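Each residue of the sequence shown is one higher than the one before, starting from 864 at the first, in the working numbering.
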Amino acid sequence: RYLSEALPQITLDRNGNDINVEMPNKLSKRTLKLRIKKFLHKKGLYNDYRPISYKTTETEGYIVKEKKLIELSYY
864 RYLSEALPQI
874 TLDRNGNDIN
884 VEMPNKLSKR
894 TLKLRIKKFL
904 HKKGLYNDYR
914 PISYKTTETE
924 GYIVKEKKLI
934 ELSYY
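Structure below.
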């Protein structure tokens with residue numbers, strides 16, 4: 864819902880846990896990434912998840928994955 868309100872020129876299709884976004888070519892992928900980051904920040908998930916771009920032969924887009932935490936132990 865947040866993405867459709869923030870970017871009215873896109874269409875969203877939900878398929879289980881996947882959300883397919885169709886957008887015009889003039890809209891940059893960077894804009895979509897920033898809106899995903901803003902959504903995660905508003906929901907308090909920004910420190911735990913991050914959008915990662917992917918590109919296959921038929922599709923390209925972003926997938927939201929959990930951030931890897933590195934624990935450094937000092938003596």
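Built from N, CA and C at the ideal position, the CB exists for glycine as well. All values reported here derive from a predicted model rather than from experimental measurement.
Per DSSP, cross-strand counterpart(s) of residue i
i      : result
Leu875 : Val884
Glu929 : Tyr912
Glu923 : Lys918
Straight-line gap, residue i to residue j (C-alpha atoms, nearest Å)
i      : j      : result
Ile926 : Tyr909 : 14 Å
Ile915 : Tyr937 : 31 Å
Pro887 : Leu935 : 44 Å
Gly883 : Ile933 : Sequence check: residue 883 is Asn here, not Gly. Going from the Cα of Asn883 to the Cα of Ile933 covers about 31 Å.
Ser867 : Arg898 : 10 Å
Closest residue to residue i among the options (Cα-Cα distance)
i      : options                           : result
Lys892 : Ile882, Asp881, Gly924 and Ala869 : Gly924
Thr894 : Ile873, Arg877, Lys905 and Tyr912 : Ile873
Element boundaries [alpha helix (DSSP H), containing residue i]
i      : result
Arg898 : Lys892 to Lys905
Leu866 : Tyr865 to Ala869
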